[in-house]
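K.L.:
This structure is in structure tokens; I'll ask about it shortly.
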Amino acid sequence: MEHPENDKEYKGLQVNAGVSSQPVTNPYRTRRRRPQLTVSEYVEGILKGNVSVLGQAVTLVESTADHHQVIAQEVIEKCLPYSGNSRRIGITGVPGAGKSTSIDVFGLHVLKQGGKLAVLAIDPSSERTRGSILGDKTRMEKLSIHPDAFIRPSPSAGSLGGVARKTRETIVLCEAAGYNNIFVETVGVGQSETAVHSMVDFFLLIQLAGTGDELQGIKRGIMEMADGIVINKADGDNVERANLAAAQFRNALHLFPPTPSKWVPEVVTYSGYYELNIDKVWDMIDRYFDYVRKTGYFQRKRNEQAKYWMFETINEELRNNFYRQPEIRALLEQKELRVLNNEQSSFTAAHDVLTRYFEMLRAGN
Numbered sequence: 012m013e014h015p016e017n018d019k020e021y022k023g024l025q026v027n028a029g030v031s032s033q034p035v036t037n038p039y040r041t042r043r044r045r046p047q048l049t050v051s052e053y054v055e056g057i058l059k060g061n062v063s064v065l066g067q068a069v070t071l072v073e074s075t076a077d078h079h080q081v082i083a084q085e086v087i088e089k090c091l092p093y094s095g096n097s098r099r100i101g102i103t104g105v106p107g108a109g110k111s112t113s114i115d116v117f118g119l120h121v122l123k124q125g126g127k128l129a130v131l132a133i134d135p136s137s138e139r140t141r142g143s144i145l146g147d148k149t150r151m152e153k154l155s156i157h158p159d160a161f162i163r164p165s166p167s168a169g170s171l172g173g174v175a176r177k178t179r180e181t182i183v184l185c186e187a188a189g190y191n192n193i194f195v196e197t198v199g200v201g202q203s204e205t206a207v208h209s210m211v212d213f214f215l216l217i218q219l220a221g222t223g224d225e226l227q228g229i230k231r232g233i234m235e236m237a238d239g240i241v242i243n244k245a246d247g248d249n250v251e252r253a254n255l256a257a258a259q260f261r262n263a264l265h266l267f268p269p270t271p272s273k274w275v276p277e278v279v280t281y282s283g284y285y286e287l288n289i290d291k292v293w294d295m296i297d298r299y300f301d302y303v304r305k306t307g308y309f310q311r312k313r314n315e316q317a318k319y320w321m322f323e324t325i326n327e328e329l330r331n332n333f334y335r336q337p338e339i340r341a342l343l344e345q346k347e348l349r350v351l352n353n354e355q356s357s358f359t360a361a362h363d364v365l366t367r368y369f370e371m372l373r374a375g376n
């Protein structure tokens, strides 16, 4: 391209042509792909506690690619006999309650007693870009460098309430790798708690004091699911407010019907930042596990959860199969236009689409 500055009338100016645009990547560097492990290599690595292999297996579980899912499900099946030997604890609370900081402190307390800890942190995904920051490790400074801790932040990827769809399978892999304590952190109070409650043994609700009406921001359903409630940031001038909030929660819990386990949820105050009363929180959790093991509720709940996830998987597969049909997708577009133009009601449009889907299934048989 000729530059006008090189014209004779502009004395003393000279603009060079420059060089052609260069590639953004180094053409002399070849990227080595990590070889795909076999199912037996995945299982062997997991059972040996190889963190790298475990991380790769979890990535397969979270993948939406069909060929990855085939391998992942086979790995899970072979790891299943070695799972089930952990204490699964769900941790939830309002945003800013200090869940990640508390997990950091709780985790170190657990590891001092021996064993290994896996933290499955559900990170909220953007509704627009589906991206996630996955920054929970930065708030678990001590756990993230502990050799016996495995922290896996996973994007919620738009699943119900922010719960990663494959967390249940990831628990199986972590247990097979020898992690006898599993923490599942949710994104906050919402629909995700129902899903997390269905995959853990103990459900811990973290609350704050001094933020107004402590009971106003918590739905009754969340409190009814909690096996224990802890009031965080009970330090300095906030100790009195924390004790008052604990009394309010204890009074509220008396109004609820008995839990299925007949366990009476306890309320404890503590400070995650200053590491105060951490032993009291964990003593409460220990008492719960002793109680449910003696009554037999521990195994009954595990059996109910396994059945629940079987039906959840069936529902999800049916839903995916429905939307994968090209004819159904085309019909949905037609029906959507009719609904938007007030030519057909939403209910009859849905009925027509489902009727066509069932006809296709019968024809396939």
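In our numbering, the protein residues as written are 12 to 376.
Idealized CB from N, CA, C, for every residue including glycine.
Skipping 5 residues on each side, what residues in its chain have a beta carbon closer than 6 Å to that of Glu286?
P.N.:
On the sequence shown, position 275 is the one that residue 286 refers to. Same-chain partners within the cutoff: Val116.
K.L.:
Rounded to whole angstroms, what is the Cα-Cα separation between Asp297 and Tyr368?
P.N.:
Here residue 297 refers to the residue found at position 286 when the sequence shown is read from its first residue. Here residue 368 refers to the residue found at position 357 when the sequence shown is read from its first residue. Their Cα atoms are separated by approximately 51 Å.
K.L.:
Using a 10 Å radius around the Cβ and a threshold of 16 neighbouring Cβ atoms, would you call His208 buried or exposed?
P.N.:
For the purposes of this step, residue 208 is taken as residue 197 along the sequence shown, with counting starting at 1. His208 should be labelled buried.
K.L.:
Would Lys89 and Val54 be called neighbours here (beta carbons separated by less than 8 Å)?
P.N.:
As a working note, residue 89 is residue 78 in the sequence shown. As a working note, residue 54 is residue 43 in the sequence shown. Cβ atoms of Lys89 and Val54: closer than 8 Å.
K.L.:
Give, in chain order, every unbroken run of the beta strand (DSSP E) that is at least 3 residues long and sits entirely within the segment 239-271.
P.N.:
The segment 239-271 contains these whole beta strand (DSSP E) runs: 239-243.
K.L.:
In three-state DSSP terms, what is Ser282?
P.N.:
Counted from its first residue, the sequence shown places residue 282 at position 271. Residue state, collapsed to three classes: strand.
K.L.:
Opposite Ile193 in the DSSP bridges: which residues?
P.N.:
Counting from one through the sequence shown, the residue named residue 193 turns up at place 182. Partner(s): Arg99, Ala129.
K.L.:
Specify, as a first and last residue, the run of the alpha helix (DSSP H) that Leu219 falls within.
P.N.:
Locating residue 219 in the sequence shown gives position 208, counting from the first residue. Counting along the chain, Leu219 falls outside any alpha helix (DSSP H), though it belongs to the beta strand (DSSP E) covering 213-219.
K.L.:
If we ignore side chains and look at the alpha-carbon of each, how far apart do Val250 and Val278 end up?
P.N.:
One-based indexing of the sequence shown puts residue 250 at position 239. One-based indexing of the sequence shown puts residue 278 at position 267. About 14 Å.
K.L.:
How would you call Tyr299, buried or exposed, if buried means at least 16 neighbouring beta carbons within 10 angstroms?
P.N.:
As a first step, residue 299 is located in the sequence shown; it is residue number 288 there, counting from the start. With 16 or more other Cβ atoms within 10 Å, it is buried.
K.L.:
Below 6 Å CB to CB, which residues in the same chain sit around Ser272 once its five sequence neighbours on both sides are set aside?
P.N.:
Looking up residue 272 in the sequence shown gives position 261. Within the same chain, Ser272 has close Cβ partners Val303, Tyr308.
K.L.:
Might you give, ordered along the chain, the residues of its own chain that have their beta carbon closer than 7 Å to the beta carbon of Ala257, omitting 5 neighbours on each side?
P.N.:
Reading the sequence shown from its first residue, position 246 is the one you call residue 257. Counting only Cβ-Cβ distances below 7 Å, and skipping sequence neighbours, we find Ile242, Val278, Thr280.
K.L.:
Span of the alpha helix (DSSP H) holding Leu58?
P.N.:
Indexing the sequence shown from 1 puts residue 58 at position 47. Leu58 -> alpha helix (DSSP H) spans 50-58.
K.L.:
Using DSSP with H/G/I as helix, E/B as strand and the rest coil, what is Ala188?
P.N.:
By 1-based counting over the sequence shown, the position of residue 188 is 177. Looking at Ala188 - three-state DSSP - the assignment turns out to be coil, as it is neither helix nor strand.
K.L.:
Tell me which residue opens and which closes the alpha helix (DSSP H) that Gly118 is part of.
P.N.:
Reading the sequence shown from its first residue, position 107 is the one you call residue 118. Where Gly118 is concerned, the enclosing alpha helix (DSSP H) stretches over 110-123.
K.L.:
To the nearest angstrom, how far is it from the Cα of Arg252 to the Cα of Ala220?
P.N.:
The count along the sequence shown starts at 1 and reaches residue 252 at position 241. The count along the sequence shown starts at 1 and reaches residue 220 at position 209. Arg252 and Ala220: Cα-Cα distance of roughly 6 Å.
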